Amino acid sequence: MQVTETQNEGLKRGYQITLTADELDAKVNEKLVEAQPEIEMKGFRKGKVPMALLKKQFGQRLIGEAMQEAIDGAMNKHFEDSGDRPALQPNVQMKDGETWKEGDDVVVDMTYEALPEIPEVDLSDIALEKLVVKADDASVTEALENLAENAQNFETKDGAAEEGDQVVFDFVGKVDGEPFEGGAAEDYPLVLGSGQFIPGFEEQLTGVKAGEEKTVTVTFPEEYQAENLKGKEATFDCTIKEVKAPEKAAVDDELAKKYGAEDLAALKAQITERLEAEYNQAGRAVMKRALLDALDKKVSFDLPPSLVEAEAGQIAHQLYHEEHPDDHGHDHGEIKPTEEHNKLAERRVRLGLLLAELGQKAEVEVSDSEMTQAILNQARQYPGQERQFFEFVQNNPQMQQQLRAPIFEDKVVDYVFEQAKVQEKEVSKDELQKAVEALDDE
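In this note's numbering, the protein residues as written are 1222 to 1663.
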């Protein structure tokens, strides 16, 4: 086996791997010897089939397998000896597109981009500011008021229905004068302004009173789920039975019990803890951005063009669909990255490689329990199909990597936080919010 360097420019590498015909033949024979004891053939006892006959019968079938194993072995040995780490899967093909025939040497060209050497970074001189917000009484009170509003009841009222009121009514829907399936109900509670019914329906019930009858006329949307109703005009004969006004629940121990707390004091403590956890998460995001900015300024090294190109393409594609949310397909043609996309891609690739290097040196690992929790969190998005999702992840290494990558990055970031100089700064909720909004603007 011979490996000859053909290219060494920047991070680009090229090698020619030659497997002689004799070496390939020896590899095939080796496989036949290994399999011989288990082979049975008519006229011969098990394990006693002559090698010449075995080669005639199975040799052709084993050539491709032997060739692949030999080339893979040469590649692995090359990476072990050279210390190179390919940025992407190496490109391996027959020399100059030649067609191999039995008896020839096997000559393949291997090209790849090597990952760069990552310079050492002194993390101890990175200075960071951690924004800290305490949950004040006003924020806790606001959260309690929101909970009370969500727990509101409706009480019967005299007078006309207004937006936000609940109307209890019977209705029968008709198209072309004929009732249609699923278009009738009794004692239906509808909150006006909730958007629960099709556009135009709830507005026509504004002003009704208990005991009145009202005919509502609407047109079903063209995209309505029922095929027989799409775009059709319909009337609904409504009998109003009751009009109720919303009444916010009182902020007391009873409200606390509705939300699983022992009393109001315990609910306040839970809210305080939740708010400060949210503030802490937001403060961490701001500090993480500051850390990445600092690291980006501290390092400079060559980047594999293929990684930058792939990342720029992904950024351009993502931004296109954010700007065109209704375009769900792939008929938009080629989306070419801009210079801005390329700069952002370079930053992401540079920081990704640096964080990976820091994590490797610090022996940061993602545990099985952390992966399981990540899969569980994702599986909740597919109610009723959790088992299928688990099986999909287990059989999909790419999906596993997608779930593992953000966990690994966060653990590396936490490691760097521990090495850096971090100073806490107490700020208001509004100041923290402005800092978070600034992240979205960048």
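Each residue gets a CB set at the ideal place from its N, CA and C atoms; glycine is no exception.
Source: prediction; values computed, not measured.
- The DSSP assignment places 1374-1377, 1387-1396, 1399-1412 and 1434-1440 as complete runs of the beta strand (DSSP E) inside the segment 1358-1440, in order along the chain (cut-off: 3 residues).
- In this chain, the beta strand (DSSP E) harbouring K1351 covers A1348 to V1353.
- Excluding residues up to 5 positions away in sequence, A1242 lie with their Cβ nearer than 8 Å to the Cβ of D1325 in the same chain.
- Taking C-beta separations shorter than 6 Å and ignoring five residues to either side along the sequence, the partners of K1453 in its chain run V1396 and F1441, following chain order.
- Judged by DSSP secondary structure, R1608 falls within the alpha helix (DSSP H) whose first and last residues are E1607 to Q1615.
- Under the 10 Å beta carbon count, F1422 is surrounded by 16 or more other beta carbons and is classified as buried.
- Residue pairing of Q1223 in beta bridges, as defined by DSSP: T1239.
- Separation of the CB atoms of V1507 and L1660 is rounded to 7 Å, and the pair is thereby assigned contact status at 8 Å.
- DSSP places F1522 outside any alpha helix (DSSP H), giving it a letter other than H or E.
- Note that the C-beta distance between A1511 and L1653 is not below 8 Å.
- By the C-beta density criterion, R1234 is buried, having at least 16 other C-beta atoms within 10 angstroms.
- Counting only runs of 4+ residues, the alpha helix (DSSP H) found wholly inside the segment 1566-1640 occupies 1589-1600, 1607-1615 and 1618-1640, in chain order.
- Residue state for T1332 is assigned as strand, using DSSP reduced to three classes.
- Between the segment 1482-1498 and the segment 1519-1538 there are fewer than three inter-stretch CB-CB distances shorter than 8 Å, so the stretches are not counted as touching.
- DSSP, read as helix, strand or coil, puts R1234 in strand.
- Per the coordinates, the alpha-carbon of I1596 lies some 12 Å from the alpha-carbon of I1628.
- Between L1574 and I1339, the CB-CB gap stays under 8 Å.
- Per DSSP, the beta bridge partners of M1315 are V1329.
- Nearest neighbour of P1558 by Cα position, chosen from F1611, P1546 and A1531, turns out to be A1531.
- In this structure, the straight-line span from the alpha carbon of L1413 to that of E1658 is close to 34 Å.
- For the options E1244, A1515 and S1360, the alpha carbon positioned closest to that of D1343 is the one of A1515.
- For D1484, no alpha helix (DSSP H) segment is defined, and its DSSP state is neither H nor E.
- For D1474, there is no enclosing beta strand (DSSP E); the enclosing alpha helix (DSSP H) covers residues D1474 to K1479.
- Between G1398 and P1467, the gap from beta carbon to beta carbon reaches 8 Å or more.
- Looking only at A1308, Q1417 and N1297, the smallest Cα-Cα distance to P1526 is reached by A1308.
- Note: K1646 is bridge-paired with L1352 in the DSSP secondary-structure output.
- In this structure, the alpha-carbon of E1483 lies about 21 Å from that of N1374.
- Per DSSP, reduced to three states, the secondary structure at E1454 is strand.
- For the pair L1572 and L1513, the CB atoms are nearer than the 8 Å cut-off.
- Linking V1224 to M1272 through their CA atoms gives a straight-line distance of about 31 Å.
- Check the Cα spacing between A1287 and each of I1260, F1300, K1378 and K1248: the tightest is with K1248.
- By the criterion of a C-beta distance shorter than 7 Å, G1285 is surrounded by no residue of its chain, once the five residues flanking it on both sides are discounted.
- Sequence-distant partners of V1254 (beyond 5 residues in either direction) whose C-beta falls short of 8 Å from its own C-beta, in its chain, are M1272.
- Here the alpha carbon of D1302 sits roughly 10 Å from the alpha carbon of A1295.
- When only Cα atoms are considered, K1564 and V1633 end up about 23 Å apart.
- If you draw a 10 Å sphere on the C-beta of F1522, you find fewer than 16 other C-beta atoms in it, and that means exposed.
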